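In this note's numbering, the protein residues as written are -10 to 177.
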């Protein structure tokens, strides 16, 4: 196999891996009816003169299915943590007892569940489009190599098939992640 062809395949696979990672990260940040520390992933707390991710300054646990407990390592910043959670607009109401913050995860309404499923489906489609764009770019590069006489028509066709198999595999992975997240959201 031509070195440039191998590089194109490798770059395509790495790009598609990044799309899957982004899909997992984005899906984990979407709140379901169950307590999941990942929903606090994007919360930034103003402390020591800088914005810091919550998980770097506090322990976050889910001791019960519908309860998150945030325990700042430095008790003096607990009010800043509480404000940051409220500002993050997660639909959670923090209660602060001076040493820990408790977040009760409210039961989702049927309407809100359907809205979240629509959001997740839209996000999944955007990720599928990203994977297809990577495929298109790779195919364009292969066609150019073939046109320039650097690879044969057979090698070009074989590589296009490999790129298509790769694309199918990653789109299937996105579909599996979507199905799992949908089931998690609709679970009562």
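Each residue gets a CB set at the ideal place from its N, CA and C atoms; glycine is no exception.
These numbers come from a predicted model, not from an experiment.
Query: To the nearest angstrom, how far is the alpha carbon of residue 173 from that of residue 21?; Result: 7 Å
Query: Helix, strand or coil: which one does DSSP assign to residue 48?; Result: strand
Query: Per DSSP, what kind of secondary structure is residue 67 in: helix, strand or coil?; Result: helix
Query: From the DSSP output, in three-state form, read off residue -7 for me.; Result: helix
Query: Determine, using beta-carbon pairs with one atom in the stretch 67 to 77 and one in the stretch 144 to 151, whether at least three such pairs fall under 8 Å.; Result: no
Query: Residue 62 and residue 39 - do their beta-carbons sit closer together than 9 Å?; Result: no
Query: Compute the distance between the beta-carbons of residue 18 and residue 55, then report whether it is under 9 Å.; Result: no
Query: Quick check: the Cα distance between residue 136 and residue -7, rounded to an integer number of angstroms?; Result: 14 Å
Query: Ignore the nearest five residues each way along the sequence and tell me which others in residue 119's own chain have a CB closer than 7 Å to its CB.; Result: 8
Query: Enumerate, from N- to C-terminal direction, the unbroken alpha helix (DSSP H) stretches of 4 or more residues contained entirely within the stretch 86 to 141.; Result: 99 to 136
Query: Is DSSP giving residue 79 helix, strand or coil here?; Result: coil
Query: Relative to the C-alpha of residue 96, which residue among 86, 117, 89, 81 is closest?; Result: 81
Query: What does a CB cutoff of less than 6 Å around residue 145 pick up in its chain, not counting 5 residues either side in sequence?; Result: 131, 135
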